[in-house]
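There are 2 protein chains.
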Amino acid sequence: MIGKMVVPSKDQIVSAAERIAFGIHRTPILESAFLNGRFQTSLFFKCENFQKVGAFKSRGAVNAVFSLDDEEAKKGVATHSSGNHAQALARAAALRKIPAYIVMPDNAPRVKIDAVKGYGGIITFCRPTLEARESTLQKVVAGTGAVEIHPYDNLKVIEGQATAAMELLEEHPGLDIILCPVGGGGLLSGTALAAHYFSDTTRVIACEPAGADDAFRSFKSGKLVLSVEPKTIADGLLTSLGKITFPIIRKFVDDIVTVKEESIIESMRLIFERMKVVVEPSSAVPLAAVLENKIDVKGKRVGIILSGGNVDLSHLPWQ
Amino acid sequence: MIGKMVVPSKDQIVSAAERIAFGIHRTPILESAFLNGRFQTSLFFKCENFQKVGAFKSRGAVNAVFSLDDEEAKKGVATHSSGNHAQALARAAALRKIPAYIVMPDNAPRVKIDAVKGYGGIITFCRPTLEARESTLQKVVAGTGAVEIHPYDNLKVIEGQATAAMELLEEHPGLDIILCPVGGGGLLSGTALAAHYFSDTTRVIACEPAGADDAFRSFKSGKLVLSVEPKTIADGLLTSLGKITFPIIRKFVDDIVTVKEESIIESMRLIFERMKVVVEPSSAVPLAAVLENKIDVKGKRVGIILSGGNVDLSHLPWQ
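Line order of the protein sequences matches chains W and P.
Residues in the first sequence are numbered from 23 upward in steps of one, following the numbering used here.
Residues in the second sequence are numbered from 23 upward in steps of one, following the numbering used here.
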């Protein structure tokens with residue numbers, strides 16, 4: 023506890039790293055001489071696109087599932103998600119050999135449904151509204167006794183996500199800045215806490231699409247602004263901050279900047295072309311902020327978390 | 023010397039690795055649980071797509087340029103190439119602060135020309151025929167006194183390319199098989215020699231597009247068959263074997279298999295989707311051989327060299 027907030031402690035994050043080590047990748051950190059030259063800086067890309075299920079979400083999901091005691095765990099876990107968290111939770115539950123109940127909208131892409139099924143997830147479909155998703159999830163939880171694991175507003179999930187920045191700072195101590203995309207704020211909360219505990223001089227700056235700028239507006243106004251009809255190609259960043267993530271972000275994040283859609287697409291292509299890695303649009307948002315000169319990176323050492331790589335390769339946005 | 027062949031020695035390859043370490047990346051080796059499960063094997067992908075200039079060619083180019091004595095080096099180096107070797111040689115020469123004279127066909131893509139210029143290469147254009155390229159190169163060499171560095175039929179280039187498999191075997195000793203694409207045979211010669219010297223039980227199998235199967239036919243007939251009107255998407259594999267590479271390949275390579283174009287494209291997409299890395303079509307040829315069941319990999323530990331990642335992202339072949 024810090025003030026009235028519930029905040030994972032340094033020890034809890036260290037324990038999370040130990041807990042999940044068996045079930046996640048310690049992902050590589052890549053550099054690009056071209057990008058460093060172009061922006062006159064030193065960028066260190068933490069490649070969570072190489073993570074299990076292709077996204078950082080595996081960290082939080084494995085930590086949440088393996089933090090349950092046997093009694094809690096035996097009836098399984100549940101969530102509503104059509105994205106990376108659904109796959110990550112299904113996989114984490116499979117590792118523990120417990121059921122994962124996933125509520126998905128009935129218009130979810132076939133490939134996402136198949137991926138969840140591939141990890142053994144038990145899917146309940148609902149209408150594609152937030153109300154339907156939440157009420158269906160409550161019914162599933164009531165019917166199964168499963169533990170709900172929220173995609174980001176969950177302390178164990180935040181602890182898990184913190185381990186990405188923790189690894190980045192272990193390998194590159196004393197970074198001047200870490201840039202991180204923000205959607206619901208799970209990755210951002212964890213990143214800010216990792217910097218606070220393991221490298222207090224490192225500034226954490228969140229990067230958000232201008233078309234989904236609820237975190238920016240919440241941060242600047244000090245009041246939780248909900249995401250209403252967000253519009254961005256960065257489909258991992260559509261959600262609002264949560265009751266747990268917002269206070270952590272207010273206290274531990276140094277700044278939030280917004281970026282244009284064109285910059286996200288240009289940055290995504292730069293990452294494909296110059297880093298030779300496949301990223302989803304959300305991952306390109308921090309480099310877009312560098313591209314737009316929103317952050318002074320000249321001569322600094324800057325970590326960037328590439329959050330995931332699950333993108334439809336048949337419809338890349340520059341084509 | 024082995025018999026009448028000129029063959030780089032174990033010590034020469036070890037020296038090459040030391041010589042080039044300052045100027046190349048030790049590239050990561052990635053694995054995919056999905057692909058391992060699908061093919062019931064253990065695949066280890068050596069990511070030369072992350073290499074400097076985006077291809078293994080940097081290894082050979084840096085070794086060749088830095089093996090010259092000061093007297094030889096001062097007038098520069100020269101080659102004809104419109105591909106990765108051109109960029110790699112220009113960059114290696116820039117590292118040594120000597121000129122690189124690159125002969126390119128006048129229909130070379132703008133992006134390749136700009137890349138060579140970006141590394142400071144001095145370009146001479148010629149008509150897009152092999153005869154014009156060779157005669158133009160001879161004129162450039164005569165006029166400048168530069169040393170010709172052949173893209174593959176050069177012992178120092180072969181030594182350099184050998185270091186990729188050497189690193190792979192250092193990190194994964196005793197691999198059962200290494201799969202390697204073959205064009206002119208520089209990477210394949212080096213890979214076969216590295217296996218011979220550092221892991222004698224490792225079989226090396228070359229993989230070639232059926233539409234450019236000159237190495238396959240040369241290997242099977244024992245006579246050097248030239249590549250005539252090859253047709254494949256794997257544009258790095260169009261060339262014929264050389265006078266130096268062919269004898270090394272005959273003696274040290276265990277087998278050569280050919281693959282269909284559809285398999286190359288399917289494998290390339292699998293690598294993008296499942297490994298989250300960007301590869302050029304040539305890099306996908308070995309996985310295509312696994313996909314076509316041309317090689318028995320079940321239960322084995324198999325290294326695959328992803329040769330490069332320079333691909334036109336506006337025209338991916340599955341689109």
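Quick reminder that beta carbons are idealized off the backbone N, C-alpha and C, glycines included.
Please report the residue range of the alpha helix (DSSP H) in which residue i lies.
i, result
"Ala-38 (chain W)", "32-42"
"Tyr-219 (chain W)", "208-220"
"Phe-56 (chain P)", "55-61"
"Phe-268 (chain P)", "267-274"
"His-107 (chain P)", "106-118"
"Pro-308 (chain P)", "307-313"
"Ser-80 (chain W)", "79-89"
"Asp-92 (chain P)", "92-95"
"Asn-336 (chain P)", "Rather than Asn, the amino acid found at residue 336 (chain P) in this sequence is Ser. Where Ser-336 (chain P) is concerned, there is no enclosing alpha helix (DSSP H), given that its DSSP letter is neither H nor E."
"Leu-152 (chain W)", "152-166"
"Ala-228 (chain P)", "No alpha helix (DSSP H) contains Ala-228 (chain P), which is instead part of the beta strand (DSSP E) from 225-231."
"Ile-135 (chain P)", "132-140"
"Phe-72 (chain P)", "That residue, Phe-72 (chain P), is in no alpha helix (DSSP H); it is neither H nor E in DSSP."
"Asp-236 (chain W)", "236-243"
Which same chain residues end up closer than 7 Å to residue i when comparing Cβ atoms and leaving out the 5 residues on each side of it in sequence?
i, result
"Tyr-174 (chain P)", "Gly-206, Gly-207, Gly-208, Gly-264 and Thr-267"
"Phe-61 (chain W)", "Val-312 and Val-319"
"Gly-98 (chain P)", "Ala-115, Ile-120, Pro-121, Ala-122, Tyr-123, Thr-166 and Ala-168"
"Gly-233 (chain P)", "Pro-252, Lys-253, Thr-254 and Glu-283"
"Asn-332 (chain W)", "Gly-76, Ala-77, Asn-106 and Glu-302"
Give me the Cα-Cα distance between residue i and residue j, rounded to the nearest whole angstrom.
i, j, result
"Asn-85 (chain W)", "Gly-182 (chain W)", "5 Å"
"Arg-291 (chain W)", "Thr-166 (chain P)", "39 Å"
"Pro-195 (chain P)", "Leu-309 (chain P)", "21 Å"
"Leu-65 (chain W)", "Thr-280 (chain P)", "41 Å"
"Phe-44 (chain W)", "Lys-68 (chain P)", "23 Å"
"Leu-178 (chain W)", "Ile-35 (chain W)", "The sequence shown places Lys at residue 178 (chain W), not Leu. Between Lys-178 (chain W) and Ile-35 (chain W), the C-alpha separation is close to 9 Å."
"Leu-90 (chain P)", "Phe-274 (chain P)", "27 Å"
"Phe-147 (chain W)", "Arg-155 (chain W)", "9 Å"
"Thr-224 (chain W)", "Val-28 (chain W)", "22 Å"
"Ser-345 (chain P)", "Leu-117 (chain P)", "What is shown of chain P runs 23 to 341, which leaves residue 345 (chain P) out entirely."
"Ala-112 (chain P)", "Lys-245 (chain W)", "55 Å"
"Arg-132 (chain P)", "Ser-262 (chain P)", "25 Å"
"Phe-241 (chain W)", "Glu-230 (chain W)", "12 Å"
"Val-138 (chain P)", "Asn-129 (chain P)", "15 Å"
"Ala-39 (chain W)", "Lys-79 (chain P)", "38 Å"
"Asp-92 (chain W)", "His-172 (chain W)", "19 Å"
"Ile-200 (chain P)", "Ile-326 (chain P)", "6 Å"
"Asn-58 (chain W)", "Ser-37 (chain P)", "30 Å"
"Ile-42 (chain P)", "Met-297 (chain W)", "21 Å"
"Val-299 (chain W)", "Ser-285 (chain P)", "22 Å"
"Glu-295 (chain P)", "Gly-143 (chain W)", "21 Å"
"Pro-339 (chain P)", "Ser-104 (chain W)", "28 Å"
At a threshold of 6 Å, does residue i count as lining the ligand ADP (C-beta to nearest heavy atom)?
i, result
"Val-299 (chain P)", "You won't find the ligand ADP in this model; it holds no ligand whatsoever."
Residues in its own chain within less than 6 Å of residue i by CB, not counting five upstream and five downstream?
i, result
"Ser-304 (chain P)", "Pro-203, Ala-256, Gly-258, Leu-259 and Ser-329"
"Glu-170 (chain W)", "Ala-100 and Val-163"
"Asp-198 (chain P)", "Lys-322 and Arg-323"
"Ala-228 (chain W)", "Cys-202, Val-204, Leu-210, Val-275 and Ile-278"
"Phe-238 (chain W)", "Glu-230, Ile-278 and Thr-280"
"Val-247 (chain W)", "Asp-236, Arg-239 and Ser-240"
Hey, quick one: how far does the beta strand (DSSP E) through residue i stretch, first residue to last?
i, result
"Glu-181 (chain W)", "Here Glu-181 (chain W) belongs to no beta strand (DSSP E); instead the alpha helix (DSSP H) covers 177-193."
"Arg-323 (chain W)", "323-328"
"Ala-122 (chain W)", "122-127"
"Asp-277 (chain W)", "277-281"
"Phe-67 (chain W)", "64-69"
"Phe-147 (chain W)", "144-148"
"Ala-100 (chain P)", "99-102"
"Ile-199 (chain P)", "199-203"
Can you name, in chain order, every residue of its own chain whose Cβ lies under 8 Å from the Cβ of residue i, other than the five neighbours on each side?
i, result
"Ile-180 (chain P)", "Pro-30, Gly-82, Tyr-174, Gly-208, Ser-211, Gly-212, Leu-215, Ile-266, Thr-267 and Ile-270"
"Lys-96 (chain W)", "Ile-120"
Taking a Cβ distance cut-off of 7 Å, strictly less, list which residues of the stretch 264-297 of chain W are near chain P, in chain order.
Arg-291, Phe-294 and Glu-295
Give, in chain order, every residue of the stretch 63-91 of chain W whose Cβ lies closer than 7 Å to some Cβ of chain P.
Asn-71, Phe-72 and Gly-76
Using 8 Å as the Cβ pair cut-off and three pairs as the minimum, do the stretch 116-123 of chain P and the stretch 214-229 of chain P touch?
no
Counting Cβ pairs, one atom from each stretch, are 3 or more of them under 8 Å apart for the stretch 44-64 of chain W and the stretch 73-81 of chain W?
yes
Along the stretch 298-309 of chain W, what residues have a CB closer than 9 Å to any CB found in chain P?
Lys-298, Val-299, Val-300 and Val-301
Please list, in chain order, the residues of the stretch 326-341 of chain W that have any C-beta partner in chain P closer than 8 Å.
Gly-331, Leu-335, Ser-336, Leu-338, Trp-340 and Gln-341
Give me the subset of the stretch 45-56 of chain W whose CB atoms are less than 8 Å from a CB atom of chain P, sorted by chain position.
Pro-50, Leu-52 and Ala-55
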